[in-house]
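Novice:
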Amino acid sequence: MGTNAVRGTRVATKVGGVTVPGARRAQPGQGTTIGRIPVIKPSPVVENGAFPAKAAIDELFSIEATVFREGHDAVGAQVVLTDPDGASSVRPMRPVPPAGFDRWGARVGLDRLGSWRFRIEAYDDPFETWLHNAKIKIPAGIDVELMCAEGRELFEEAAGIARAAGDAAAVELLSSAARFLGVAVQVEDRLARARTDDVLAAMAVHKPRRLLTTTPEYPIFCDRRRALFSSWYEFFPRSIGAHRSASGHWVSGTFATAQERLEAAARMGFDVVYLPPIHPIGYSYRKGRNNTLQPGPEDPGSPWAIGNADGGHDAIHPELGTFDDFDEFVRTARSLGLEVAMDFALQASPDHPWVQDHPEWFSKRIDGSIAYAENPPKKYQDIYPINFDQDQDGIYAECLRLINLWVDHGVTIFRVDNPHTKPVDFWAWLLAEVRRTNPEVIFLAEAFTRPEMMHTLGKIGFHQSYSYFTWRNEKWEIIEYLTELSTQTDGFLRPNFFVNTPDILPTFLQSGSPTAFTIRAVLAATLSSNWGVYSGFELYEHTPLRHGSEEYLNSEKYEYRPRDFAGAEERGESLALLLGRLNELRREHPALQQVRDLHFHTTPHDQVLAYSKRVGDDLIIVVCSLDPHQVAETEVFLDMSALGFDDHDVLEVHDQLSGRRWRWGQRNYVRLTLEDPAHILTVTPPSAVTPSATRPDTSTAKPSGSGAS
Numbered sequence: 274m275g276t277n278a279v280r281g282t283r284v285a286t287k288v289g290g291v292t293v294p295g296a297r298r299a300q301p302g303q304g305t306t307i308g309r310i311p312v313i314k315p316s317p318v319v320e321n322g323a324f325p326a327k328a329a330i331d332e333l334f335s336i337e338a339t340v341f342r343e344g345h346d347a348v349g350a351q352v353v354l355t356d357p358d359g360a361s362s363v364r365p366m367r368p369v370p371p372a373g374f375d376r377w378g379a380r381v382g383l384d385r386l387g388s389w390r391f392r393i394e395a396y397d398d399p400f401e402t403w404l405h406n407a408k409i410k411i412p413a414g415i416d417v418e419l420m421c422a423e424g425r426e427l428f429e430e431a432a433g434i435a436r437a438a439g440d441a442a443a444v445e446l447l448s449s450a451a452r453f454l455g456v457a458v459q460v461e462d463r464l465a466r467a468r469t470d471d472v473l474a475a476m477a478v479h480k481p482r483r484l485l486t487t488t489p490e491y492p493i494f495c496d497r498r499r500a501l502f503s504s505w506y507e508f509f510p511r512s513i514g515a516h517r518s519a520s521g522h523w524v525s526g527t528f529a530t531a532q533e534r535l536e537a538a539a540r541m542g543f544d545v546v547y548l549p550p551i552h553p554i555g556y557s558y559r560k561g562r563n564n565t566l567q568p569g570p571e572d573p574g575s576p577w578a579i580g581n582a583d584g585g586h587d588a589i590h591p592e593l594g595t596f597d598d599f600d601e602f603v604r605t606a607r608s609l610g611l612e613v614a615m616d617f618a619l620q621a622s623p624d625h626p627w628v629q630d631h632p633e634w635f636s637k638r639i640d641g642s643i644a645y646a647e648n649p650p651k652k653y654q655d656i657y658p659i660n661f662d663q664d665q666d667g668i669y670a671e672c673l674r675l676i677n678l679w680v681d682h683g684v685t686i687f688r689v690d691n692p693h694t695k696p697v698d699f700w701a702w703l704l705a706e707v708r709r710t711n712p713e714v715i716f717l718a719e720a721f722t723r724p725e726m727m728h729t730l731g732k733i734g735f736h737q738s739y740s741y742f743t744w745r746n747e748k749w750e751i752i753e754y755l756t757e758l759s760t761q762t763d764g765f766l767r768p769n770f771f772v773n774t775p776d777i778l779p780t781f782l783q784s785g786s787p788t789a790f791t792i793r794a795v796l797a798a799t800l801s802s803n804w805g806v807y808s809g810f811e812l813y814e815h816t817p818l819r820h821g822s823e824e825y826l827n828s829e830k831y832e833y834r835p836r837d838f839a840g841a842e843e844r845g846e847s848l849a850l851l852l853g854r855l856n857e858l859r860r861e862h863p864a865l866q867q868v869r870d871l872h873f874h875t876t877p878h879d880q881v882l883a884y885s886k887r888v889g890d891d892l893i894i895v896v897c898s899l900d901p902h903q904v905a906e907t908e909v910f911l912d913m914s915a916l917g918f919d920d921h922d923v924l925e926v927h928d929q930l931s932g933r934r935w936r937w938g939q940r941n942y943v944r945l946t947l948e949d950p951a952h953i954l955t956v957t958p959p960s961a962v963t964p965s966a967t968r969p970d971t972s973t974a975k976p977s978g979s980g981a982s
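Residue numbers (our numbering): 274 to 982.
1. For a quick check, are the C-beta atoms of residue 322 and residue 492 less than 8 Å apart?
2. Taking 8 Å as the cut-off, decide whether the C-beta atoms of residue 588 and residue 688 are in contact.
3. Starting from residue 856, follow the beta strand (DSSP E) in both directions and report where the run begins and ends.
4. Please name the residue or residues paired with residue 517 in a DSSP beta bridge.
5. Taking the alpha-carbon positions, what's the residue 595 to residue 528 distance?
6. For residue 867, which residues from the same chain have a beta carbon less than 7 Å from its beta carbon, with the 5 sequence-adjacent residues on both sides left out?
7. Alpha carbon to alpha carbon, how far is residue 808 from residue 784?
8. Can you look up residue 620 in the DSSP assignment and give me helix, strand or coil?
9. Assuming residue 399 contacts residue 481 under a Cβ cut-off of 8 Å, what Cβ separation, rounded to an integer in Å, is found between them?
10. Taking residue 562 and residue 574 to be in contact with their CB atoms under 8 Å, please state how far apart those CB atoms are, rounded to whole angstroms.
11. Sorted by chain position, which residues of the same chain lie with C-beta nearer than 7 Å to residue 530's C-beta, five sequence neighbours on each side aside?
12. Work out the CA separation of residue 508 and residue 658 for me, nearest whole Å.
13. Assign residue 490 to one of three DSSP states: helix, strand, or coil.
14. Buried or exposed: which applies to residue 678, given that a residue is buried once 16 or more other Cβ atoms fall within 10 Å of its Cβ?
15. Determine the burial state of residue 336: buried for a count of at least 16 other Cβ atoms within 10 Å of its Cβ, exposed for fewer.
16. How far does the beta strand (DSSP E) with residue 530 in it extend, from its first residue to its last?
17. Which runs of the beta strand (DSSP E) spanning at least 3 residues fall entirely within the stretch 593-659, listed in chain order?
18. Pick helix, strand or coil for residue 295, following the three-state DSSP scheme.
19. Measure from the alpha carbon of residue 643 to the alpha carbon of each residue in 649, 656, 430 and 651, then state which is nearest.
20. Where does residue 471 fall in DSSP's three states?
21. Let me know the beta strand (DSSP E) ranges lying completely inside the stretch 752-826, each 3 residues or longer, listed in chain order.
22. Who are the Cβ neighbours of residue 522 in its own chain at under 8 Å, not counting the five residues just before and after it?
23. Please list the segments of the beta strand (DSSP E) lying wholly inside the stretch 684-756, counting only runs of 3 or more residues, in order along the chain.
24. Under 8 Å, with one C-beta from each stretch per pair, do the stretch 464-480 and the stretch 429-440 reach the 3-pair mark?
25. What's the gap between the Cα of residue 475 and the Cα of residue 450?
26. Buried or exposed for residue 385, please, with buried defined as at least 16 other CB atoms from any protein chain shown within 10 angstroms of its CB.
27. Apart from the five residues on each side of it in sequence, which residues of its chain come closer than 6 Å, Cβ to Cβ, to residue 318?
28. Output needed for residue 602: all residues of its chain with C-beta closer than 6 Å, excluding positions within five of it in sequence on either side, in chain order.
29. Could you name each continuous beta strand (DSSP E) segment of 3 residues or more that falls completely within the stretch 315-372, going from the start of the chain to the end?
30. For the candidate residues 770, 882, 951 and 918, whose alpha-carbon lies nearest to that of residue 506?
31. What is the rounded straight-line gap between the Cα of residue 497 and the Cα of residue 714?
32. Would you tell me roughly how many angstroms separate the C-alpha atoms of residue 738 and residue 374, rounded to the nearest one?
33. Given residue 927, which residues of its chain have a CB within under 6 Å of its CB, disregarding the five upstream and five downstream residues?
34. Determine contact between the stretch 910-921 and the stretch 870-887, defined as no fewer than three beta-carbon pairs at a distance below 8 Å.
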C-alpha cells in the first residue's frame, strides 16, 4: 500500500453556526491538491486565482465545481463567501444538470462593492446516504430496526449541532424525529415523520458534515452595477452647434451647445455619454478632410492628435470651453441620469508639451526623428506613440495623475483608446492603483485585436471590452460567439456591443436599409448587457469612404458634422424612437441586464435567430431576422425545459415592439417583415394563460401559435 500523498492545512469552518474542526484545505505546491473529497474545476476562477473574477452588485451568477467521491455514499458541497470586511456566509450547492457529471453549483449575488473571496467545501453526507438507503430498505423490510437506529443517531447528532448554534426550533424538530424513529409504530410512518419538509429543512442547515475538504480561496471583485449594465451614446461636442458664421468661417460647438445632445441621449434612454478626446489638437501634420495630409485652414484636425501650445491631456480645447464649462456639462449630464465617459488616449501630437519636456518618452528612429504611429499601410503622422519602457516611473506617475485629475472633475468612466498597443503590465498597475482609491471608476477597453490580448486585458482589470460583435453577421457565428461570451469568458470579459464607431462603418449597414439598422440595434441591445451607439447611427448614415472600406465618407474624426436630428425625427427618418424603446425595455427587464443566462432556440431558417434570457421570473424571448432585404418566414422550436416549462405548456407572449399578443407552445410560426424584423417577447406563464385572454390560433398550419403577419 502506498502512503497518503495528501498534505495540507487543517482549518475550521462554520456549519449551522458551529465551528467544525478538521477541514483539510489543499495547498498548491504541497503534493497533490486533491483532498479527501475531490473538488476540481471550480469556477469562476481566473488563471487559478491570480486575478479576480468579475461580478457586479445584485448580479446573479453561478459558483460551481465538480465534486465526487469513491463508492456510492453521498457527498454534499457548499460555498463559503467572504465579503470585503471579512465576514463569511455559507450557501448550499446542489447538483447541476445534466445528471451524472458530478457538477455542483450555487446561484449567488453580491451586494457590496469591493473584493470578495470564495471557497468551496465538500463533505461526506451521512444523512443523504442514510435517507437514500432507508427509502429502499424500509419498504422492502430489509434491516428495518438497524436503519431506524442509524437514523436516530444522525438526528441526535444534528440536534446537538443545532443546540450549539442556538437554534431551539431546529433542536425540537430534530430531537422529535430521532425519538419517533424509536417508537413502536408502523415503520413507514416513522420514516415519513423523518422526511417532513420542516424536518428536512432543519437537517439541511445542521446535518453532520464529515471528511470536510475545502479548496483554496479564490478572488471575486464586485463592481458597481454600471460595469455590468450600461447603454452608451457617443458624440463629438464640437459638432453639436457647429455652424458657419456670417463671414463663412466655421464656429465650433461648445460644451454649452452640446448640452442639447445630452438631453436627446437621455430621451433615448442612454445612461452613458462618451466624448472623444476634448483636449487641444496639434497643428503639425494635422489631418484634413477624409484623412488627407493637406488640411484646409479651418480643418479642426483629429481629436486623437492630442496636444499643442495650449496644453496636453490635462487641458481642454479652448474652442470647447473652460474647466468650469466642462464641470457644468458633467453636472447637467448627472441631472439627466447620465454619466460622462471620457476618452483616455495615451499618445501625443508632435506639438504636445511632452515632446519638449520629456523627449525620452518617445521612440527615435535611426535618423533622429521621433517615430509616429503606423499600422501599415496606414500612417498617423500626427500622432507619436509613447515608449513605456523609457522612464517608466515618470510615465506611470503622469498617467495616474491624469486619471485622478479628471476623476476630480466628475469623470467616473474612461474609454481607453487602443490599450492593446501599450504594455499589459502597465494597465495592470494603473487599474489596480485606481481601484485602490476609486473603485467606482470604470474602464472600457477599445481593443479590436487578437483574442488572447482582449482576454488578458479583461483579466487584469478592464471592466468592459469592445467586441467582435461588429463583424458577426451570420447566424452560426453569432451563436458561436455569444456562447463563448456567455459561458466561457463570462468570468473575466464583459462585452460592450457597439453597433458602429467613428472608425467602423460595418458592411452590414452600408446598404442604408433602415431594416439593417433595426436588426443590429435589436441584437446589440438584447444580446449584451452593455451596448453603444455612435451618433449618426439613428440617422442611418451609411456611406463608406470607398467600396470595400469600413471608414465613413466625410468622417467626423476630421471635420465638423452638425446634423439635423430634430428634422429627421419630424420626417420619420430617424431610429431614435426605437433606440428609446430598446433602452426602456432594458431598464424594465433584469433578463436583459446580464449576458450569462442566454439560451438559443432552433429555427430552420438560416437567417432567423431565436434566443431567450432569464433572471428569476423575468423571461425574454427574442426572434430576429438577419436579412435586411427579404421577408423571413419560419418556425421557432422552443426548448421548453430550458425556459422552465413542460413540452405541452401553452404560453402567452406579448411583443414589446408591436404590442401584439399570441399563444405559443413548443412549435411556433413567425413572419418577420422589413418593417418589423424582430419580436421581443415577454412571457405569461402557463398557469396564468386563459383562452379569453389571448387571440386564439385558427390555423391548422400553425398548431402551437402564430407570429406576426
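Note that CB positions come from ideal geometry on N, CA and C, so glycine has one too. None of the values given here were measured: they were computed from a predicted structure.
Specialist: Answer, in terms of the structure:
1. Position 49 of the sequence shown, counted from the first residue, corresponds to residue 322. Position 219 of the sequence shown, counted from the first residue, corresponds to residue 492. Against a cut-off of 8 Å, the Cβ pair of residue 492 and residue 322 comes out as a contact.
2. On the sequence shown, residue 588 is found 315 positions in, with the first residue counted as 1. On the sequence shown, residue 688 is found 415 positions in, with the first residue counted as 1. Result no, Cβ atoms of residue 588 and residue 688 do not sit closer than 8 Å.
3. Taking the first residue of the sequence shown as 1, we reach residue 856 at position 583. Counting along the chain, residue 856 falls outside any beta strand (DSSP E), though it belongs to the alpha helix (DSSP H) covering 849-861.
4. Position 244 of the sequence shown, counted from the start, is the residue given in the question as residue 517. Beta-bridge pairing links residue 517 to 523.
5. What you label residue 595 is simply residue 322 of the sequence shown in a count that begins at 1. What you label residue 528 is simply residue 255 of the sequence shown in a count that begins at 1. Approximately 9 Å, taken between the alpha carbons.
6. Within the sequence shown, numbered from 1, the residue matching residue 867 stands at position 594. Cβ within range, chain order: 332, 501, 802 and 888.
7. If you number the sequence shown from 1, residue 808 lands on position 535. If you number the sequence shown from 1, residue 784 lands on position 511. For residue 808 and residue 784, the distance between alpha carbons rounds to 18 Å.
8. By 1-based counting over the sequence shown, the position of residue 620 is 347. Strand.
9. Numbered from its first residue, the sequence shown carries residue 399 at position 126. Numbered from its first residue, the sequence shown carries residue 481 at position 208. Right, their Cβ atoms sit about 6 Å apart.
10. One-based indexing of the sequence shown puts residue 562 at position 289. One-based indexing of the sequence shown puts residue 574 at position 301. Contact doesn't hold; Cβ gap of about 11 Å is too wide.
11. One-based indexing of the sequence shown puts residue 530 at position 257. Short of 7 Å from the beta carbon of residue 530, and not among the five residues preceding or following it, lie these beta carbons of its own chain, in chain order: 513 and 514.
12. Residue mapping note: residue 658 aligns to position 385 of the sequence shown, counting from 1. Residue mapping note: residue 508 aligns to position 235 of the sequence shown, counting from 1. Taking the straight line joining both Cα atoms gives about 25 Å.
13. Position 217 of the sequence shown holds residue 490. Residue state, collapsed to three classes: coil.
14. The residue labelled residue 678 in the question sits at position 405 within the sequence shown. When all chains shown are included, residue 678 counts as exposed.
15. Here the question's residue 336 lines up with position 63 in the sequence shown. Label assigned to residue 336: buried.
16. Position 257 of the sequence shown, counted from the first residue, corresponds to residue 530. Counting along the chain, residue 530 falls outside any beta strand (DSSP E), though it belongs to the alpha helix (DSSP H) covering 528-540.
17. 612-617, 646-648 and 651-653
18. As a first step, residue 295 is located in the sequence shown; it is residue number 22 there, counting from the start. Confidence is the limiting factor: at residue 295 the pLDDT is only 42, short of 50, which leaves the residue's position unreliable and the question unanswerable from this model.
19. The count along the sequence shown starts at 1 and reaches residue 643 at position 370. The shortest C-alpha separation from residue 643 is found at 656.
20. Within the sequence shown, residue 471 is the residue found at index 198, counting from 1. Here residue 471 sits in helix by DSSP.
21. 768-771 and 803-807
22. Numbered from its first residue, the sequence shown carries residue 522 at position 249. The residues are 571.
23. 686-690, 715-719 and 737-739
24. yes
25. In the sequence shown, residue 475 corresponds to position 202, counting from 1. In the sequence shown, residue 450 corresponds to position 177, counting from 1. Distance between the alpha carbons of residue 475 and residue 450 is about 11 Å.
26. Here residue 385 refers to the residue found at position 112 when the sequence shown is read from its first residue. Looking at its Cβ environment, which holds fewer than 16 other Cβ atoms inside 10 Å, residue 385 is exposed.
27. Start at 1 with the first residue of the sequence shown, and residue 318 comes out as number 45. 491.
28. Taking the sequence shown and counting its residues from 1, the one referred to as residue 602 is at position 329. Within the same chain, residue 602 has close Cβ partners 528.
29. 326-329, 333-340, 348-355 and 361-365
30. Here residue 506 refers to the residue found at position 233 of the sequence shown. Of the candidates 770, 882, 951 and 918, the residue whose Cα lies closest to the Cα of residue 506 is 770.
31. Walking along the sequence shown from the start, residue 497 turns up at place 224. Walking along the sequence shown from the start, residue 714 turns up at place 441. Going from the Cα of residue 497 to the Cα of residue 714 covers about 9 Å.
32. The residue you call residue 738 lines up with position 465 of the sequence shown. The residue you call residue 374 lines up with position 101 of the sequence shown. Near 33 Å, if we compare the C-alpha coordinates of residue 374 and residue 738.
33. Here the question's residue 927 lines up with position 654 in the sequence shown. Correct list, in chain order: 934 and 955.
34. yes
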